[in-house]
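> Following this message is one structure expressed as structure tokens.
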Amino acid sequence: MASPFSVDDVPVPEVTGSDVLIQVRACGVVPNLKNVAYNYPEWFPFLPLPPLPSTYGLDPAGEIAAVGPDVLSLSPGQRVYVNPARSCGSCFKCRSGDQVACASFTFAGYFGFGPGSRQVFERYPSGGFAEYMVAPATSLVVLPEEVSFEEASRFGYLGTSYAALRRGQAGPDTTVLINGATGTLGVGATLLALAMGVPKILAVARNEALLEELRALDPRRIVTHSNNAGPCTEWAREQTEGHGPDVMIEALGPGAPPEATLDAMLSVSRGGKIVTIGGMDCKIPIDPIWIMCSQISYLGSAWFSTAQGEDMARMAKAGTLDLGRLTHLRFSLSQVNEALESAQHRDHGGFTNIVVMP
Ligand SMILES: [Zn+2]
């Protein structure tokens, strides 16, 4: 199979209106990027990809190089993360402040969710695998000096986990079970649940060594269960005085078997919330009587808002969100195809952060 990316010389983009030109210092390589580049046209023909030739790259961070004439409160030199979420800006959902609900919701440099995404790609063709890119001022998260560019290039998956925890109303009054806890989203969900004051986190995954590493983040608050020891249902109940966890974050990815999610779901407390973010795509039987009688909520959550990105930046500045345990594997722009490959087999699981540094 041919390598999907090559390095070309193109002009530095012009910056106009309320847009900002960013000199990219780091761009995250998400594990799903290879699927997007190779398989999405066949698997999900209804999800538009950026028209080729195109600059991919989902999670950029860098320095502001120039601002458009209508930008009043950002200036060159500021360090920023670029939230790649784009939308039409004019529909009812956009005007109501719910950008993710826009029918034209689009990830710049990655893929879109509806036919209108093609127009969004024309408006914002830049992804993060480039020295310079243009983004709307409203997409920028200002980074404190405590957050490195490499750490910020992880904000996409961290933000996805954070938004899911918020949707599940996780906090000091809840117990949280994270299914698939050692993957990219799962490690992020664990770090953020710690930051949000969750007193007990039930981490469920397969890899025992990685689970132990996760537990070591805070042994007083994190308990772990390996699927190698059997279903987690009874264990999760025992860990929560028989009630079951209040919130379950489903972070398992495509291809996971249905039992892996059902075992965890059945442990959830009466009134509990299950939030799915990992993209697991198997069909699961849901019993409406159980959902009704136990008042269970099954929720989907996609991405996060720029405001939630600002929350994470502030938590990292305060030290409540500790990103210091991530291991960064750095690649140059010309090594982007190697970076894509290494994202497929990360021997440090979700602690690994694959970064292209233009
Ligand atoms: Zn819209």
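The numbering of the sequence shown is numbering that gives the first Met the number 0, which starts it at 0 and goes up by one.
Built from N, CA and C at the ideal position, the CB exists for glycine as well.
1. Since L332 contacts L191 with CB under 8 Å, what's their CB separation in whole angstroms?
2. Taking the alpha-carbon positions, what's the D346 to L176 distance?
3. Taking only heavy atoms of ligand 1 into account, decide whether any of them is closer than 8 Å to the Cβ of A102.
4. What span of residues does the beta strand (DSSP E) with N178 cover, start to end?
5. So D280 and P253 are in contact, right, with Cβ under 8 Å, and what is the actual spacing, rounded?
6. Please report how far the alpha carbon of A57 lies from the alpha carbon of F4, in whole angstroms.
7. If we count the other Cβ atoms within 10 Å of its Cβ and call it buried at 16 or more, is R153 buried or exposed?
8. To the nearest angstrom, how far is it from the Cα of E309 to the Cα of V267?
9. Whole angstroms is fine: what's the gap from C93's alpha carbon to Y131's?
10. Does the beta-carbon of T15 have 16 or more other beta-carbons within 10 angstroms, so that it is buried, or is it exposed?
11. For R85, write down the residues that DSSP places opposite it in a beta bridge.
12. From which residue to which residue does the beta strand (DSSP E) around V186 run?
13. Which of the three DSSP states is assigned to A65 in this structure?
14. So is the beta-carbon of C93 under 8 Å away from any non-hydrogen atom of ligand 1?
15. Taking contact to mean 3 or more Cβ pairs, one atom from each stretch, closer than 8 Å, check whether the region 140-158 and the region 22-33 are in contact.
16. Ignore the nearest five residues each way along the sequence and tell me which others in T239's own chain have a CB closer than 6 Å to its CB.
17. Which one of P230, L139, T159 and Q168 has the shortest CA to CA distance from R358?
18. Between the beta-carbon of V35 and the beta-carbon of Y55, is there less than 9 Å?
19. Under 9 Å between the Cβ atoms of I276 and S304?
20. Is any heavy atom of ligand 1 found at a distance shorter than 8 Å from the C-beta of G96?
21. Based on DSSP bridge pairs, tell me the residues matched to F110.
22. For a test of the three-state rule: what should DSSP assign to C26, helix, strand or coil?
23. Given that a residue counts as buried once 16 or more other Cβ atoms are within 10 Å of its Cβ, and exposed if not, what is N227?
24. Ligand 1 and G88: does any heavy atom of the ligand fall closer than 8 Å to the residue's C-beta?
Walking through what the data contain:
1. Working through the sequence shown from its first residue, we reach residue 332 at position 333. Working through the sequence shown from its first residue, we reach residue 191 at position 192. Not quite, the Cβ-Cβ distance comes to about 30 Å (not below 8 Å), so this is no contact.
2. Residue mapping note: residue 346 aligns to position 347 of the sequence shown, counting from 1. Residue mapping note: residue 176 aligns to position 177 of the sequence shown, counting from 1. If you take the alpha carbons of D346 and L176, they lie about 23 Å apart.
3. In the sequence shown, the residue the question calls residue 102 occupies position 103. Because some heavy atom of ligand 1 lies under 8 Å away, the Cβ of A102 counts as near it: yes.
4. As a working note, residue 178 is residue 179 in the sequence shown. Start and end: T174 to N178.
5. Counting from one through the sequence shown, the residue named residue 280 turns up at place 281. Counting from one through the sequence shown, the residue named residue 253 turns up at place 254. At roughly 5 Å, the Cβ-Cβ gap stays under 8 Å, so D280 and P253 are in contact.
6. Sequence index remark: in the sequence shown, residue 57 carries index 58 (1-based). Sequence index remark: in the sequence shown, residue 4 carries index 5 (1-based). Residue identity check: residue 57 is Leu in the sequence provided, not Ala. For L57 and F4, the distance between alpha carbons rounds to 14 Å.
7. Looking up residue 153 in the sequence shown gives position 154. Answer is buried; the Cβ neighbour count reaches 16.
8. One-based indexing of the sequence shown puts residue 309 at position 310. One-based indexing of the sequence shown puts residue 267 at position 268. When rounded, the distance between both Cα atoms is 31 Å.
9. Start at 1 with the first residue of the sequence shown, and residue 93 comes out as number 94. Start at 1 with the first residue of the sequence shown, and residue 131 comes out as number 132. If you take the alpha carbons of C93 and Y131, they lie about 27 Å apart.
10. Walking along the sequence shown from the start, residue 15 turns up at place 16. Looking at its Cβ environment, which holds fewer than 16 other Cβ atoms inside 10 Å, T15 is exposed.
11. In the sequence shown, residue 85 corresponds to position 86, counting from 1. According to DSSP, R85 bridges with T105.
12. Locating residue 186 in the sequence shown gives position 187, where the first residue counts as 1. Boundaries around V186 are those of the alpha helix (DSSP H), T183 to A194, since no beta strand (DSSP E) includes it.
13. As a working mapping, residue 65 is identified with position 66 in the sequence shown. Shown here, A65 sits in a strand according to DSSP, grouped into three states.
14. The residue given as residue 93 occupies position 94 in the sequence shown. Correct: C93 has its Cβ closer than 8 Å to ligand 1.
15. Judged by Cβ distances under 8 Å, the region 140-158 makes contact with the region 22-33, as three or more pairs qualify.
16. The sequence position of residue 239 within the sequence shown is 240, counting from 1. Correct list, in chain order: T174.
17. Any question about residue 358 goes unanswered here, given that the chain covers just 0 to 357.
18. Locating residue 35 in the sequence shown gives position 36, counting from the first residue. Locating residue 55 in the sequence shown gives position 56, counting from the first residue. Yes. Within cutoff.
19. Here residue 276 corresponds to residue number 277 of the sequence shown, with the count starting at 1. Here residue 304 corresponds to residue number 305 of the sequence shown, with the count starting at 1. Going by C-beta atoms, I276 is not nearer than 9 Å to S304.
20. To locate residue 96, count along the sequence shown from 1; it is residue 97. Incorrect: G96 has no Cβ contact closer than 8 Å to ligand 1.
21. Taking the first residue of the sequence shown as 1, we reach residue 110 at position 111. For F110, the beta-bridge partners assigned by DSSP are F106.
22. Sequence index remark: in the sequence shown, residue 26 carries index 27 (1-based). If DSSP states are grouped into helix, strand and coil, C26 belongs with the strands.
23. Against the sequence shown, residue 227 aligns to sequence position 228. Exposed is the call here.
24. As a first step, residue 88 must be located in the sequence shown, where it is residue number 89. Checking every heavy atom of ligand 1 against the Cβ of G88, one is found closer than 8 Å.
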